[in-house]
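Chemist: The structure under discussion is supplied below as structure tokens; questions concerning it will follow.
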Amino acid sequence: MKWFYDLKISRKLISVFFIVVALEAALGVFAIRELGRVNQASTDIATNWLPSIRTLSQVKLSLSRIRSFELQHILASTPQEFEEIEKNADKQIANLGKQQQEYLTQISEPEEKAIYPDVEKAIAVFLAEHKKILDISRTNKNEEARTLLRGESTKVYRNLLDQVEKLVEVNEKGAEKSSADADATYANARLWIIAMLAVCMVTAMGLAMWISRVISKPLGAAVEVAQRVAGGDLTADIRLAGKDETGQLLAALKGMNDNLLKIVGEVRSGTDTIATASSEIASGNMDLSSRTEQQAGSLEETASAMEELTATVRQNADNARQANQLAVTASEVASAGGEVVGQVVNTMGSINESSRKIVDIISVIDGIAFQTNILALNAAVEAARAGEQGRGFAVVASEVRSLAQRSAAAAKEIKILIDDSVAKVDVGSKLVEQAGATMGEVVNSVRRVTDIVSEITAASNEQSQGIGQINLAITQMDEATQQNAALVEQAAAAAQSMQEQAGRLSEVVGVFKLHERNAVSKPAAATMPQRTIDKAPPTQLIQPVKPARPVAPVIRVIKDNTRPALKPPVAVNDDPDSWTQF
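Numbering (my numbering), first residue to last: 259 to 840.
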């Protein structure tokens, strides 16, 4: 049911009214249904049973009239009377036939359907007796006609009336049953309507009381909170019960109460802090007076220290200029040495490159000797195949092969010597590169020393300017010391006024009642201790105006800047005996 409590008040009321209307609608539907059943029973009586009884009454009346016409026909004496009576009798018989047809449409009960064929037979027998009587009467046999009328015809007539009466009784019983059903339906409907009406009334009253409590209870809580806040009590515990308008009102009141609680707590804490601060300000004024006297003495010592500092700074400036000139000269010499070492490095690189090219050429010669040896071997094989005719050609091929092997051996020896030379050139190149890197480091170090000396010179100039600013600052400090004395008096008066305002503000905030955790006890006024400042010696008062920038270390590890040694060239044939063993 929490979702219902979160609905808006309008939706809650609409929901309750909807339930009441639904109950009333159910009651109305039930009443209409029961009234319909009563109306159906009444309609059944009016449209089924009563018309059947009325039709059967007309049948009985028609039979009685036909019976009277029979008697009149016996009593008649002239042909005109016979004709008129027979005409009226035929007309009445025709009406009887119509009434039979009409009753056929009104039969609804199985019992009626079972009895009606007997009625039809009896009517047929009755009409046959009627015709027989008229025929006998027309021949003036009145006595015989009377005998037939009183005898057999009477029996047939009474039997027919009994059969018709049975149908009347069936219809009367049906009408009585419908009437009883209508009475029972009415009584049952009245009882159920009264019960449902009572349930609807009780439910409506219960819903009204429940919805009034749902709405009025949060409103009462909101009124109580508002009254407590108006009385200065901010300790109310507000519990939120829903999200409807009353819940939103309680949430707003809770937010207002919390904000007031926070504000009042902060104001009360602020007043206590102001009271404490005012006492500390008064103590600080005494301390400030003592500091002002000490500051005057310090200014005198600073003035004497500034004279010594001026002479020292001038001497440092002269020394820095001389060091700067020497550093510039050393930097130029180191740069020239670096250029020479660079040229040596380039020359060693050219020699190394030429040695590598010679190695490549020797490798090509070695390959040519290898191919020549193969060709000589192939020629010897062909000469062997030729037999005696190719013997001379085989001798030549053997000589060519011997020359190829000697060329290959010479190429290998040259290659070994060149490889040794290349290796030594590589070592020399590395050493020259290391020397060049070392010279570069020397040049960079000299340049950095030059930069440092330049910075020292600039710092000395800045120190000289700073001394002038310090002299100006000492004069301004003297003026500020005199102004501080006047400010001390003003601060004392302001502290006294602040303390009085804090007392009045504490009285105003004291009206509100807070939680213990929000209540802040008023601390005792702290008394600032009287602090004394000893006069420092003049050397401790001197501070540089602008410190020099830190200088990065100059020393570097040479091996980190040297390039890796070049790999020796790979020979075309690493195995010297690879082709000789072919």
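Even glycine gets a Cβ: it sits at the ideal position worked out from N, Cα and C.
If you're wondering where the values come from, they're calculated on a predicted model, not measured in any experiment.
Taking the C-alpha atoms as reference points, what is the distance between Ala442 and Glu344?
Modeler: Cα to Cα, Ala442 sits roughly 52 angstroms from Glu344.
Chemist: If you draw a straight line from the alpha carbon of Glu524 to that of Met467, how long is it in whole angstroms?
Modeler: Whole-angstrom Cα-Cα distance: 44 angstroms.
Chemist: Looking at Phe288 and Met454, is the spacing between their C-beta atoms short of 8 angstroms?
Modeler: A contact, by the Cβ cut-off of 8 angstroms.
Chemist: Excluding sequence positions up to five away, which residues of its chain have a Cβ less than 7 angstroms from the Cβ of Ser593?
Modeler: Cβ within range, chain order: Val701.
Chemist: Can you give me the Cβ contacts of Ile714 inside the same chain, cut-off strictly under 6 angstroms, excluding the 5 residues immediately before and after it?
Modeler: Only Ala578 meet the Cβ criterion.
Chemist: Can you tell me which of Ser536, Lys615, Val690 and Ile311 puts its alpha carbon nearest to the alpha carbon of Lys431?
Modeler: It is Ile311.
Chemist: Among Ala634, Ala667 and Glu646, which residue has its Cα nearest to the Cα of Ile623?
Modeler: When each option's Cα is compared against that of Ile623, the closest is Ala667.
Chemist: Val483 and Leu511 - do their beta-carbons sit closer together than 8 angstroms?
Modeler: A contact, by the Cβ cut-off of 8 angstroms.
Chemist: Considering only C-alpha positions, which residue in the set Asp420, Asn353 and Ala347 is nearest to Lys379?
Modeler: Nearest of Asp420, Asn353 and Ala347 to Lys379, Cα basis: Asp420.
Chemist: Looking only at C-alpha atoms, which of Tyr415, Gln338 and Ser703 sits nearest to Val591?
Modeler: Nearest C-alpha to Val591: Ser703.
Chemist: Going by the beta-carbon positions, is the gap between Tyr374 and Ile365 smaller than 8 angstroms?
Modeler: Going by C-beta atoms, Tyr374 is nearer than 8 angstroms to Ile365.
Chemist: Which first and last residues belong to the alpha helix (DSSP H) in which Glu369 is found?
Modeler: Segment Pro368 to Arg396, the alpha helix (DSSP H) holding Glu369.
Chemist: Taking the alpha-carbon of Ala716 as reference, which of Gly625, Arg396 and Val571 has the nearest alpha-carbon?
Modeler: Nearest of Gly625, Arg396 and Val571 to Ala716, Cα basis: Val571.
Chemist: Using a threshold of 8 angstroms, state whether the C-beta atoms of Met735 and Gln583 are closer than that.
Modeler: Cβ distance not < 8 angstroms, so Met735 and Gln583 don't count as in contact.
Chemist: For Leu730 and Gln723, what's the separation of their Cα atoms in angstroms?
Modeler: Taking the straight line joining both Cα atoms gives about 11 angstroms.
Chemist: Does the pairing of the stretch 392 to 405 with the stretch 322 to 341 give three or more beta-carbon distances under 8 angstroms?
Modeler: Yes: at least three Cβ pairs fall under 8 angstroms.
Chemist: Among Asn400, Lys318, Glu360 and Gly464, which has the Cα closest to the Cα of Leu333?
Modeler: For Leu333, the nearest C-alpha among the options comes from Asn400.
Chemist: Determine the direct distance from the alpha carbon of Ser474 to that of Met786, and round the result to whole angstroms.
Modeler: The predicted model places Met786 with a pLDDT of 44, which falls under 50 and marks its position as unreliable; any figure quoted below should be read in that light. Looking at the two C-alpha atoms, the distance is approximately 59 angstroms.
Chemist: Below 7 angstroms CB to CB, which residues in the same chain sit around Ser320 once its five sequence neighbours on both sides are set aside?
Modeler: So the qualifying residues of the chain are Gln350, Asn353, Leu354 and Gln357.
Chemist: Let me confirm a value: Asp530 is counted as buried when at least 16 other C-beta atoms fall within 10 Å, else exposed. Which label applies?
Modeler: Buried: at least 16 other Cβ atoms inside 10 Å.
Chemist: Among Val457, Ser436 and Ala627, which one has its Cα closest to the Cα of Gln663?
Modeler: Selected option, being the one with the closest Cα: Ala627.
Chemist: Determine the extent of the alpha helix (DSSP H) in which Ala466 is found, giving its start and end residues.
Modeler: From DSSP, the alpha helix (DSSP H) with Ala466 extends over Glu410 to Ala488.
Chemist: Note down the Cα distance separating Lys670 from Glu657, rounded to an integer number of angstroms.
Modeler: Distance between the alpha carbons of Lys670 and Glu657 is about 20 angstroms.
Chemist: Determine the direct distance from the alpha carbon of Gly648 to that of Ala641, and round the result to whole angstroms.
Modeler: Taking the straight line joining both Cα atoms gives about 4 angstroms.
Chemist: Go to Ala351, then tell me how far its alpha helix (DSSP H) extends in each direction, as first and last residue.
Modeler: Here the sequence assigns Ile to residue 351, which means Ala is not the residue at that position. Residues Pro337 to Leu362.
Chemist: Whose C-alpha, out of Asn515, Ala760 and Val685, is nearest the C-alpha of Gln485?
Modeler: Out of Asn515, Ala760 and Val685, Asn515 has the C-alpha closest to the C-alpha of Gln485.
Chemist: I'd like to check one pair, Val683 with Ile609: are the Cβ atoms closer than 8 angstroms?
Modeler: Against a cut-off of 8 angstroms, the Cβ pair of Val683 and Ile609 comes out as a contact.
Chemist: Let me confirm a value: Gln580 is counted as buried when at least 16 other C-beta atoms fall within 10 Å, else exposed. Which label applies?
Modeler: So Gln580 ends up on the exposed side.
Chemist: Taking all protein chains shown into account, do 16 or more other C-beta atoms lie within 10 angstroms of the C-beta of Ala752, making it buried, or fewer, making it exposed?
Modeler: Exposed, since its Cβ has fewer than 16 Cβ neighbours within 10 Å.
Chemist: Please state if the CB of Ile620 and the CB of Ile672 are separated by a distance shorter than 8 angstroms.
Modeler: Going by C-beta atoms, Ile672 is nearer than 8 angstroms to Ile620.
Chemist: Below 8 angstroms between beta carbons: does that hold for Ser841 and Ser679?
Modeler: Residue 841 lies beyond the residue range present for the chain, which begins at 259 and ends at 840; the question has no answer from this structure.
Chemist: Which runs of the alpha helix (DSSP H) fall wholly inside the stretch 668 to 702 and span at least 4 residues, in chain order?
Modeler: Fully enclosed alpha helix (DSSP H) runs of 4 or longer: not present.
Chemist: Within its chain, find whatever has a CB closer than 8 angstroms to the CB of Arg404; leave out the 5 residues flanking it on each side and keep chain order.
Modeler: Within the same chain, Arg404 has close Cβ partners Ile332.
Chemist: Exposed or buried, Met463, counting other C-beta atoms within 10 Å across all chains shown (16 or more means buried)?
Modeler: Classification for Met463: exposed.
Chemist: For Val841 versus Val422, is the C-beta distance shorter than 8 angstroms?
Modeler: Because the chain spans 259 through 840 in this model, residue 841 falls outside it and cannot be assessed.
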